[in-house]
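See below for the structure under consideration.
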Amino acid sequence: MLHTVNKSPFERNALDSCLRLAAPGSAILLIEDGVYAALKGTAQTAKVEAAAETHEVYVLGPDLKARGIEESRIIGGVKIVDYGGFVDLAVAKGTVNSWL
Amino acid sequence: MLHTVNKSPFERNALDSCLRLAAPGSAILLIEDGVYAALKGTAQTAKVEAAAETHEVYVLGPDLKARGIEESRIIGGVKIVDYGGFVDLAVAKGTVNSWL
Amino acid sequence: MSEEPVFDTQGVVRKFMFVNRKAPYGTIYALEILESVLISAAFEQDISVAFLDDGVFQIKKGHDPKDLGMKNFSPTYRALGGYDIEKLYVEKESMEARGLGPDDFVVKVQVVPAAELSKLMAEQDVLITG
Amino acid sequence: MSEEPVFDTQGVVRKFMFVNRKAPYGTIYALEILESVLISAAFEQDISVAFLDDGVFQIKKGHDPKDLGMKNFSPTYRALGGYDIEKLYVEKESMEARGLGPDDFVVKVQVVPAAELSKLMAEQDVLITG
Amino acid sequence: MKFGIMVNEGPFNHQASDSAYQFAKAAIAKGHQVMRVFFYYDGVNNANRLSEPQSDDRNLVKLWGEMAKTHKVDLVVCVAAALRRGIKDELLAEGFHISGLGQLTEIGIAADRLLVFGD
Amino acid sequence: MKFGIMVNEGPFNHQASDSAYQFAKAAIAKGHQVMRVFFYYDGVNNANRLSEPQSDDRNLVKLWGEMAKTHKVDLVVCVAAALRRGIKDELLAEGFHISGLGQLTEIGIAADRLLVFGD
Numbered sequence: 000m001l002h003t004v005n006k007s008p009f010e011r012n013a014l015d016s017c018l019r020l021a022a023p024g025s026a027i028l029l030i031e032d033g034v035y036a037a038l039k040g041t042a043q044t045a046k047v048e049a050a051a052e053t054h055e056v057y058v059l060g061p062d063l064k065a066r067g068i069e070e071s072r073i074i075g076g077v078k079i080v081d082y083g084g085f086v087d088l089a090v091a092k093g094t095v096n097s098w099l
Numbered sequence: 000m001l002h003t004v005n006k007s008p009f010e011r012n013a014l015d016s017c018l019r020l021a022a023p024g025s026a027i028l029l030i031e032d033g034v035y036a037a038l039k040g041t042a043q044t045a046k047v048e049a050a051a052e053t054h055e056v057y058v059l060g061p062d063l064k065a066r067g068i069e070e071s072r073i074i075g076g077v078k079i080v081d082y083g084g085f086v087d088l089a090v091a092k093g094t095v096n097s098w099l
Numbered sequence: 000m001s002e003e004p005v006f007d008t009q010g011v012v013r014k015f016m017f018v019n020r021k022a023p024y025g026t027i028y029a030l031e032i033l034e035s036v037l038i039s040a041a042f043e044q045d046i047s048v049a050f051l052d053d054g055v056f057q058i059k060k061g062h063d064p065k066d067l068g069m070k071n072f073s074p075t076y077r078a079l080g081g082y083d084i085e086k087l088y089v090e091k092e093s094m095e096a097r098g099l100g101p102d103d104f105v106v107k108v109q110v111v112p113a114a115e116l117s118k119l120m121a122e123q124d125v126l127i128t129g
Numbered sequence: 000m001s002e003e004p005v006f007d008t009q010g011v012v013r014k015f016m017f018v019n020r021k022a023p024y025g026t027i028y029a030l031e032i033l034e035s036v037l038i039s040a041a042f043e044q045d046i047s048v049a050f051l052d053d054g055v056f057q058i059k060k061g062h063d064p065k066d067l068g069m070k071n072f073s074p075t076y077r078a079l080g081g082y083d084i085e086k087l088y089v090e091k092e093s094m095e096a097r098g099l100g101p102d103d104f105v106v107k108v109q110v111v112p113a114a115e116l117s118k119l120m121a122e123q124d125v126l127i128t129g
Numbered sequence: 000m001k002f003g004i005m006v007n008e009g010p011f012n013h014q015a016s017d018s019a020y021q022f023a024k025a026a027i028a029k030g031h032q033v034m035r036v037f038f039y040y041d042g043v044n045n046a047n048r049l050s051e052p053q054s055d056d057r058n059l060v061k062l063w064g065e066m067a068k069t070h071k072v073d074l075v076v077c078v079a080a081a082l083r084r085g086i087k088d089e090l091l092a093e094g095f096h097i098s099g100l101g102q103l104t105e106i107g108i109a110a111d112r113l114l115v116f117g118d
Numbered sequence: 000m001k002f003g004i005m006v007n008e009g010p011f012n013h014q015a016s017d018s019a020y021q022f023a024k025a026a027i028a029k030g031h032q033v034m035r036v037f038f039y040y041d042g043v044n045n046a047n048r049l050s051e052p053q054s055d056d057r058n059l060v061k062l063w064g065e066m067a068k069t070h071k072v073d074l075v076v077c078v079a080a081a082l083r084r085g086i087k088d089e090l091l092a093e094g095f096h097i098s099g100l101g102q103l104t105e106i107g108i109a110a111d112r113l114l115v116f117g118d
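The listed protein sequences correspond, in order, to chains A, B, C, D, E and F.
Numbering that gives the first Met the number 0 applies: residue 0 is where the first sequence begins, and numbers increase by one.
Numbering that gives the first Met the number 0 applies: residue 0 is where the second sequence begins, and numbers increase by one.
Numbering that gives the first Met the number 0 applies: residue 0 is where the third sequence begins, and numbers increase by one.
Numbering that gives the first Met the number 0 applies: residue 0 is where the fourth sequence begins, and numbers increase by one.
Numbering that gives the first Met the number 0 applies: residue 0 is where the fifth sequence begins, and numbers increase by one.
Numbering that gives the first Met the number 0 applies: residue 0 is where the sixth sequence begins, and numbers increase by one.
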């Protein structure tokens, strides 16, 4: 299964809910304002680092670039994909849930 | 000053930001989905009870009624007002900030 | 107007879950997702509805938005059974964090812990969030 | 078309603060509130702009949304000084929680703790949140 | 007292326009003046005269228009926000008019209080 | 693989429609089929032919229409959601058509994956 999260973890509970419900081993893709969850050194970092131990965590590159987030600031273990990679994940991982 | 909060405290950070920035003694009015912050016995109750010690906390009655929240479930110290009361608060308290 | 393609869906039964996470009235999601739940019933699919996060407030008893001029769509949840939509789940953690219990709801639901809802979600073919 | 009333504003100088709390690109608030900040400059009011919560991301260096086909409005923040809009505040707590520092911003700002921003807000005549 | 109101969301998806309308109605009932309602962001969709809610639902486009007529409330739709979203003169319901963003600053100066309703 | 897409927000206020478009474009580029895009909630505003973004900004209404034409993507605007919000046949941009909510269930059945983009 693929879970997408498009909300900032600083503003909303979407990421928390996703992490509560996403089965271990499933894939989580951070898109739109959700990409801020991939930043190192924030109040949310520890949670996302822990998630990356039990889930595959991805972040959408074009959304990082739009927001000026340098690759060097991304949490280790979070993989950057482009829209083609998003499509591949949707194909490979089965049903998609959007945590809106 | 009057602060309005229209977001559920379970979903968003609007109430937290309001409580961080609202000066002691200022008024806080919970409207729309913000009224859920006035519920007793929730994971957010302690925070709102504490706020009611240092601020005037109000909740909009018509928004409670729409959502089926009984008056008996409202935190003591939180006052229920109608839209007329909202207008009176905007008149009496000076500048209004909306925590959207 | 463009011509409308018709996709072959005959004899296919898939598992649909509607994932309701938003509070009612503050936004329209609760009302419009309910309309899509009702329509889906006509397609004889395996339908379930999950209420989690602020979505649990959608089925709180006693809604009365008439002073706001808004529609009370709350009775529709009770009508779902008549459309053979009987798998209604409430996530226990969301319910408890909001100080609610099973008696607070207008309709009979199964209260399930997050771990169980997680498994139910993973079994679906289609997840519609609103 | 209705006739447009003109309200007498001559000689009145009020304290306006724009309260920017939303991340850029995920929603349009950052862009459209910036347009209203620019227009307000023509009225010779006492204008300030506060960046707090995810609003601090609005002025992060290096925005580049061209692959999304979206407008990069980031350079406009640097142009605010030319319109005599020089009171730009960033809330320290919001900045730090997001792992950012003063060097991350495209424009020179005053970083103030919540307690000080609270006082500044209380001094305003008009607060516009977007 | 003189009020200005800013509405940042369209009708239906968010309660913002409902809340703004109910506030304006209550203010007028108490003898206050609502000088102007400024529609910005998706708020410009409040002016769409083609909006046709179900018969048992409220019709905010019409309610705003009636309030404008009865109580001389100036309903301004921001031109820049409206152009993007396809709200043009030919779509405007009675009582609304399109004007510049300066009308927001103006009402901020002229009104005793400006209230913002949005998401 | 066959994709269905649901778009829950209008252009501009939220990135949802942008993300949906970029996803659809990438899927097509990879040789997949996008069978239908279903516009619901404020998503119906994507079909407003009067939308006129600034010249240096993207025009999603047009982009969707072009994709529909070139790649036979069915663009369905939900009739119930559209009626409320004043999106009627006379406003529809090229490539869009109005139909019932059943079209959402249908694409959920017919497509291998349904992806939802919204707020």
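Glycine included, C-beta positions come from ideal geometry on N, C-alpha and C.
Which partner residues does residue i have in the DSSP bridge list?
i, result
"Cys17 of chain A", "Cys17 of chain A pairs with nothing; no bridge assigned."
"Thr128 of chain C", "C:Val18"
"Val115 of chain F", "F:Met5"
"Phe104 of chain C", "C:Lys59"
"Asn96 of chain A", "A:His2"
"Pro23 of chain C", "C:Thr26"
"Phe11 of chain E", "The partner list for Phe11 of chain E (beta bridge, DSSP) is empty, contrary to what the question assumes."
"Leu19 of chain E", "One detail in the question is off: residue 19 of chain E reads as Ala in this sequence, not Leu. For Ala19 of chain E, which the question treats as bridged, DSSP gives no partner whatsoever."
"Glu90 of chain C", "C:Val111"
"Arg11 of chain B", "A:Arg11"
"Phe50 of chain C", "C:Asn19, C:Val89"
"Leu29 of chain A", "A:Val4, A:Val58"
Residue i: buried (16+ other C-beta within 10 angstroms of its C-beta) or exposed?
i, result
"Pro101 of chain C", "exposed"
"Pro74 of chain D", "exposed"
"Glu92 of chain C", "buried"
"Arg83 of chain F", "buried"
"Ala49 of chain A", "exposed"
"Ser71 of chain A", "exposed"
"His2 of chain A", "buried"
"Glu69 of chain B", "exposed"
"Gly75 of chain A", "exposed"
"Thr53 of chain A", "exposed"
"Gln9 of chain D", "exposed"
"Lys60 of chain D", "exposed"
"Met66 of chain E", "buried"
"Glu90 of chain C", "buried"
"His13 of chain F", "buried"
"Gln53 of chain F", "exposed"
"His62 of chain C", "buried"
Please list, in chain order, the chain H residues whose beta carbon lies closer than 9 Å to that of residue i.
i, result
"Gly107 of chain E", "Note that chain H does not occur in the displayed structure, where the protein chains are A, B, C, D, E and F."
Quick test of the definition: if touching needs 3 or more C-beta pairs under 8 Å, does the stretch 19-32 of chain E touch the stretch 78-86 of chain B?
yes
* Asked: Quick one: any contact between the stretch 121-128 of chain C and the stretch 75-92 of chain C, if contact means 3 or more CB pairs under 8 Å?
  -> no
Residues in the stretch 73-91 of chain E with C-beta within 9 Å of chain D's C-beta atoms, listed in sequence order? Asp73, Leu74, Val75, Cys77, Ala79, Ala80, Arg83, Asp88, Leu91
Checklist line | chain F contacts from the stretch 8-27 of chain E (Cβ-Cβ distance under 7 Å) | finding: Gly9, Phe11, Asn12
Inset, instruction - Specify whether the stretch 10-29 of chain D and the stretch 60-78 of chain F touch according to this definition: at least 3 beta carbon pairs, one from each stretch, less than 8 Å apart. - result: no
Does the structure place the stretch 111-118 of chain C close enough to the stretch 3-18 of chain D that three or more beta carbon pairs sit under 8 Å? no
Assess contact between the stretch 72-82 of chain F and the stretch 35-45 of chain F, defined as three or more Cβ pairs (one per stretch) separated by less than 8 Å. Is contact present?
yes
Q.
What ranges does the beta strand (DSSP E) occupy inside the stretch 23-72 of chain E, keeping only unbroken runs of at least 3 residues that lie completely in it?
A. 32-38
If you measure beta-carbon to beta-carbon, which residues of the stretch 14-29 of chain C are closer than 9 Å to chain B?
Arg20, Lys21, Ala22, Pro23, Tyr24, Gly25, Thr26
For the structure I just gave you, are there three or more beta carbon pairs, one from the stretch 35-43 of chain B and one from the stretch 2-11 of chain B, closer than 8 Å? yes
Note to self: Within 8 Å, do at least three Cβ pairs link the stretch 23-31 of chain B to the stretch 56-63 of chain A?
What the structure shows: no
The stretch 109-118 of chain E touching the stretch 46-61 of chain D, judged by at least three CB pairs closer than 8 Å
no
Against chain C, which members of the stretch 26-59 of chain A pass a CB distance test of less than 8 Å? none
message: Short of 9 Å Cβ to Cβ, which residues in the stretch 76-105 of chain C face chain A?
response: Glu90, Glu92, Ser93
Residues within the stretch 42-72 of chain D neighbouring chain F, beta-carbon criterion of under 8 Å: Leu67, Gly68, Met69, Lys70
- Output, in sequence order along the chain, the residues in the stretch 0-12 of chain A whose CB is closer than 7 Å to any CB in chain C. Met0, Asn12
Interfacial residues, the stretch 33-52 of chain E to chain D, with Cβ spacing under 9 Å: Met34, Arg35, Tyr39, Tyr40, Asp41
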